[in-house]
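Okay, so the sequence shown: first residue is 8 according to this note's numbering, each after it adds one. Note that the Cβ used here is the ideal one computed from N, Cα and C, for glycine as well. Since the structure is predicted, the reported quantities are computational estimates derived from the model, not experimental observations. Down below is the structure, laid out as structure tokens.
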Amino acid sequence: MKSIPDIILYNGNIQTQDDNQPLAQAVAISGNQILSLGSDKDVIKLSGKNTRMIDLNKRLVLPGFIDTHFHFYEWAVNYDSIDLSSAVTFKEMEKAVADKAMTLGKGNWVLGQGFNESEWPENKMPDRYDLDRIAPDNPVCIWRCDLHLSVANSLGLKLAGISSESPDPEDGVIEKDDSGTPTGVLKELAANLIRNVLPELSKVKLLENMQKAISDAHKLGLTSIHDIRLMGGLDGADALKAWQSLAREKRLFIRCHVGIPGEMTDQAIDLGLTTGFGGDLLKIGYLKFFSDGGMGARTGWMTQKYLDAGFGMPLTPVAQIEKAVEKADQAGLSVMVHAIGDRANKEIIEMFTRIESRGRTKCSIPHRIDHVQMILPEDLEKLSRLKNMAASCQPNNLSLDISMIDECVGPRGKYAYALKSILETGIPMMLSSDAPVADPNPLAGIYSAVTRKEMNHTPEKGWYMEEALSVDQAVKGYTITPALASGCGDRVGSISTGKLADMIVLDQDIFKIDPDAIADTQVDMTIFNGKIVHEK
8 MKSIPDIILY
18 NGNIQTQDDN
28 QPLAQAVAIS
38 GNQILSLGSD
48 KDVIKLSGKN
58 TRMIDLNKRL
68 VLPGFIDTHF
78 HFYEWAVNYD
88 SIDLSSAVTF
98 KEMEKAVADK
108 AMTLGKGNWV
118 LGQGFNESEW
128 PENKMPDRYD
138 LDRIAPDNPV
148 CIWRCDLHLS
158 VANSLGLKLA
168 GISSESPDPE
178 DGVIEKDDSG
188 TPTGVLKELA
198 ANLIRNVLPE
208 LSKVKLLENM
218 QKAISDAHKL
228 GLTSIHDIRL
238 MGGLDGADAL
248 KAWQSLAREK
258 RLFIRCHVGI
268 PGEMTDQAID
278 LGLTTGFGGD
288 LLKIGYLKFF
298 SDGGMGARTG
308 WMTQKYLDAG
318 FGMPLTPVAQ
328 IEKAVEKADQ
338 AGLSVMVHAI
348 GDRANKEIIE
358 MFTRIESRGR
368 TKCSIPHRID
378 HVQMILPEDL
388 EKLSRLKNMA
398 ASCQPNNLSL
408 DISMIDECVG
418 PRGKYAYALK
428 SILETGIPMM
438 LSSDAPVADP
448 NPLAGIYSAV
458 TRKEMNHTPE
468 KGWYMEEALS
478 VDQAVKGYTI
488 TPALASGCGD
498 RVGSISTGKL
508 ADMIVLDQDI
518 FKIDPDAIAD
528 TQVDMTIFNG
538 KIVHEK
């Protein structure tokens with residue numbers, strides 16, 4: 008590291024997330040590292056004739072945000088599909104699909120994701136006939152915001168070979184009407200019947216999409232992500248190859264832990280892969296397992312029936328997950344287990360309790376439970392006893408799910424998104440977006456964790472506010488906590504001398520403004536690896 012800084016940020020409000028030096032006015036960057044941190048007087052005197060001096064005008068500076076649950080490869084692959092998250096009515100969804108079909112022309116696949124029927128005034132789930140009417144000459148498939156349910160039209164179903172005679176695939180449901188005809192609704196792995204017949208992106212287009220997606224991530228203040236696999240393992244090898252291509256071609260401008268599908272456990276062990284292996288830009292991430300589905304699709308596994316459905320469904324049997332986790336644990340491969348419903352969380356916490364009781368782990372990075380969306384108090388207490396465990400929770404999803412959870416479980420919703428209670432167990436709680444399921448903006452996540460409101464600021468007094476986080480707790484969940492919990496705390500997660508220079512400048516002080524305004528806060532500048540990669 009050179010002694011003369013390349014960049015000095017001064018006259019700022021630098022909240023470092025480093026307990027040894029929590030506040031500073033100025034920071035000096037040399038190469039890709041933080042050279043010095045302190046008062047304006049002490050840092051500015053280090054400047055040379057070629058140092059870029061940036062006056063922060065008292066703006067807030069934070070470490071670069073880390074998103075530990077981002078389906079980034081999926082986001083990039085579908086970069087050109089319809090974003091249905093902004094459709095606030097059924098009719099708006101219809102128009103978006105019809106417009107895309109007209110743009111693409113007859114015969115081409117129309118794909119979209121992000122619809123949330125529980126927020127529409129019609130509260131109506133689309134079916135094949137709705138999509139036939141909208142786009143009769145195109146195969147269509149649209150995914151619900153949680154990615155646990157999709158809807159295809161008749162042409163899409165035909166191309167996927169789905170008919171009245173089609174049995175449910177393993178860990179999936181082809182919904183059928185009383186006559187046995189598919190309605191177009193596909194739950195869990197049934198959606199892979201559609202994915203299997205979609206046209207493949209060229210490598211050039213895929214890497215182009217990934218670079219565009221990385222640029223968009225910078226605008227949100229993201230400097231590190233954990234790219235998480237979908238169930239079924241379809242994207243496992245392809246995602247790793249794509250990230251390696253970007254790194255090899257020196258086009259990788261975000262730090263990434265690349266996840267591995269649980270279906271590839273044996274192959275990963277045979278190759279000698281371990282979680283955390285790699286460099287500062289690209290590392291091997293976690294093996295991903297699914298214990299259940301999602302509450303929106305009523306496939307989250309519950310201890311009591313939904314008010315409008317059954318108990319949901321387990322996906323991979325717990326005994327099968329446990330066998331794989333034991334092997335991975337002894338091979339140094341950390342795992343993450345998707346658990347949404349309270350029954351799923353109960354079973355997975357008990358599974359990890361059994362595994363911990365059998366002996367010392369060989370994993371240097373804790374295992375994870377991801378989502379922990381609905382959890383009972385007695386299981387929180389069991390969670391607190393686990394030693395080699397972290398959680399990754401998604402406050403962005405809370406803003407999407409309030410109406411849906413009230414509808415499907417009623418007052419038992421008080422056990423959903425229990426962020427404060429999970430934090431109080433003492434295990435590291437990382438915050439993340441689950442994008443493209445929800446908005447990838449970490450500031451939207453901080454807003455949701457603090458206010459427990461939808462993005463339209465309802466309900467006025469928040470939703471089960473006893474589980475709200477403070478702004479400081481939420482910021483830690485996107486910065487230092489995920490860095491430490493994923494084995495990178497000595498390199499990123501705080502603005503500290505000697506660490507890698509990942510930091511952001513915000514246009515508002517989120518610690519002081521009305522919490523309702525946090526989601527509207529903009530990232531004025533993102534510095535990644537010592538370089539300014541976004542500047543308003």
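* To do: Identify whether residue 394 lies in helix, strand or coil by the three-state DSSP scheme.
  => By 1-based counting over the sequence shown, the position of residue 394 is 387. In the structure shown, residue 394 sits in coil (DSSP, three-state: anything other than H, G, I, E or B).
* **Boundaries of the beta strand (DSSP E) in which residue 189 is found, first to last residue** => Within the sequence shown, the letter at position 182 stands for residue 189. Element bounds for residue 189: 189-195.
* Kindly indicate which residue of 412, 428, 411 has the alpha-carbon position closest to the one of residue 383. => As a working mapping, residue 383 is identified with position 376 in the sequence shown. Closest option to residue 383, Cα to Cα, is 428.
* Which term fits residue 311, buried or exposed, when burial requires 16 or more other beta carbons within 10 angstroms of its beta carbon? -> What you label residue 311 is simply residue 304 of the sequence shown in a count that begins at 1. Exposed.
* Determine, using beta carbons only, whether residue 345 and residue 296 come nearer to each other than 8 Å. => As a position in the sequence shown, residue 345 is number 338, starting the count at 1. As a position in the sequence shown, residue 296 is number 289, starting the count at 1. Yes; because the gap between Cβ atoms is below 8 Å, this pair is in contact.
* Asked: Do the CB positions of residue 219 and residue 86 come within less than 8 Å of each other?
  -> What you label residue 219 is simply residue 212 of the sequence shown in a count that begins at 1. What you label residue 86 is simply residue 79 of the sequence shown in a count that begins at 1. Yes, they are a contact pair.
* To do: Taking all protein chains shown into account, decide if residue 433 is buried (16 or more other Cβ within 10 angstroms of its Cβ) or exposed.
  => On the sequence shown, position 426 is the one that residue 433 refers to. Burial call: exposed.
* Could you name the residues of the same chain whose beta carbon sits closer than 6 Å to that of residue 92, not counting the 5 residues immediately before and after it, in chain order? => One-based indexing of the sequence shown puts residue 92 at position 85. 121, listed in sequence order.
* **Coil, strand or helix - residue 17 by DSSP** => Numbered from 1 along the sequence shown, position 10 holds the residue referred to as residue 17. In the structure shown, residue 17 sits in a strand (DSSP, three-state: E or B).
* DSSP state of residue 296, grouped into three classes? -> Locating residue 296 in the sequence shown gives position 289, where the first residue counts as 1. Reduced to three states, the DSSP call for residue 296 is strand.
* **Member of 55, 38, 323, 442 whose CA lies at the smallest distance from the CA of residue 269** => Taking the first residue of the sequence shown as 1, we reach residue 269 at position 262. Closest by alpha carbon: 323.
* Asked: CB residue 309 to CB residue 349, shorter than 8 Å?
  -> Walking along the sequence shown from the start, residue 309 turns up at place 302. Walking along the sequence shown from the start, residue 349 turns up at place 342. Taking 8 Å as the Cβ cut-off, residue 309 and residue 349 qualify as a contacting pair.
* Asked: DSSP puts residue 544 in a beta bridge; with which residues?
  -> The first residue shown for the chain is 8 and the last is 543, placing residue 544 beyond what the model contains.
* Over what stretch of residues does the alpha helix (DSSP H) that includes residue 327 continue unbroken? -> Looking up residue 327 in the sequence shown gives position 320. Note, residue 327: alpha helix (DSSP H), 325-338.
* **Beta-carbon spacing of residue 339, residue 370 below 8 Å** => As a first step, residue 339 is located in the sequence shown; it is residue number 332 there, counting from the start. As a first step, residue 370 is located in the sequence shown; it is residue number 363 there, counting from the start. Going by C-beta atoms, residue 339 is nearer than 8 Å to residue 370.
* Asked: Do three or more CB pairs link the segment 212-226 to the segment 180-190 at distances below 8 Å?
  -> no
* Under the DSSP definition of a beta bridge, which residues are partnered with residue 376? -> Working through the sequence shown from its first residue, we reach residue 376 at position 369. Paired residues: 344, 398.
* Nearest-angstrom Cα separation, counted from residue 479 out to residue 49 -> On the sequence shown, position 42 is the one that residue 49 refers to. On the sequence shown, position 472 is the one that residue 479 refers to. Distance between the alpha carbons of residue 49 and residue 479 is about 27 Å.
* Alpha carbon to alpha carbon, how far is residue 45 from residue 15? Give it in angstroms, no decimals. => Within the sequence shown, numbered from 1, the residue matching residue 15 stands at position 8. Within the sequence shown, numbered from 1, the residue matching residue 45 stands at position 38. Each residue's Cα considered, the two are about 11 Å apart.
* Asked: Are the segment 137-153 and the segment 105-118 touching by the rule of at least three beta carbon pairs closer than 8 Å?
  -> yes
* Excluding the 5 residues preceding and the 5 following residue 526 in the sequence, name in chain order all residues of the same chain whose CB lies nearer than 7 Å to its CB. => Translated into positions along the sequence shown, residue 526 becomes position 519. Excluding sequence neighbours, residue 526 sits near 450, 451, 454, 462.
* **Alpha-carbon to alpha-carbon, residue 13 and residue 20** => In the sequence shown, residue 20 corresponds to position 13, counting from 1. In the sequence shown, residue 13 corresponds to position 6, counting from 1. Roughly 20 Å separates the two Cα atoms.
* Asked: Which one or two residues does DSSP pair with residue 161 in a beta bridge?
  -> As a working note, residue 161 is residue 154 in the sequence shown. Beta-bridge pairing links residue 161 to no other residue.
* Assuming residue 352 and residue 377 form a contact by the criterion Cβ under 8 Å, report the distance between their Cβ atoms to the nearest whole angstrom. => Looking up residue 352 in the sequence shown gives position 345. Looking up residue 377 in the sequence shown gives position 370. Residue 352 to residue 377, Cβ: 11 Å. No contact.
* residue 150, enclosing alpha helix (DSSP H) - first and last residue -> Translated into positions along the sequence shown, residue 150 becomes position 143. Premise fails: residue 150 lies in the beta strand (DSSP E), 147-151, not in any alpha helix (DSSP H).
* Starting from the Cα of residue 486, find the closest Cα among 473, 501, 497 and give me that residue. => Translated into positions along the sequence shown, residue 486 becomes position 479. Here the closest residue by C-alpha is 501.
* **Contacts around residue 217, its chain only, beta-carbon distance under 7 Å, and the 5 residues preceding and following it disregarded** => Start at 1 with the first residue of the sequence shown, and residue 217 comes out as number 210. These residues qualify, in order along the chain: 83, 249, 253.
* Would you mind stating whether residue 33 and residue 23 have Cβ atoms separated by less than 8 Å? => In the sequence shown, counting from the first residue as 1, residue 33 sits at position 26. In the sequence shown, counting from the first residue as 1, residue 23 sits at position 16. Not closer than 8 Å, so no.
* Asked: Which same chain residues, not among the five before or five after residue 435, have their C-beta less than 6 Å away from its C-beta?
  -> Within the sequence shown, residue 435 is the residue found at index 428, counting from 1. 397, 488, 492, listed in sequence order.
* Alpha carbon of residue 194 to alpha carbon of residue 147, nearest angstrom -> Looking up residue 194 in the sequence shown gives position 187. Looking up residue 147 in the sequence shown gives position 140. The alpha-carbon atoms of residue 194 and residue 147 are separated by roughly 16 Å.
* Could you give the distance in angstroms between the alpha-carbon of residue 388 and the alpha-carbon of residue 431? -> Translated into the one-based positions of the sequence shown, residue 388 becomes position 381. Translated into the one-based positions of the sequence shown, residue 431 becomes position 424. Their Cα atoms are separated by approximately 10 Å.
* Asked: With distances taken from CA atoms, which of 228, 359, 157 is nearest residue 543?
  -> Locating residue 543 in the sequence shown gives position 536, where the first residue counts as 1. The candidate whose alpha carbon is nearest that of residue 543 is 228.
* Only counting runs of 4 or more residues, tell me where the alpha helix (DSSP H) segments fall wholly within the segment 453-538, in order along the chain. => 478-484, 487-492
* **Close-in-space but distant-in-sequence residues of the same chain around residue 317 (CB under 8 Å, 5 per side omitted)** => For this step, residue 317 is matched to residue 310 along the sequence shown. Contacts found: 305.
* Are the segment 527-537 and the segment 509-518 in contact at 8 Å, needing three or more beta carbon pairs? -> yes
* Asked: Are residue 272 and residue 334 closer than 8 Å when you measure CB to CB?
  -> If you number the sequence shown from 1, residue 272 lands on position 265. If you number the sequence shown from 1, residue 334 lands on position 327. Their beta carbons are under 8 Å apart, which means residue 272 touches residue 334 by this criterion.
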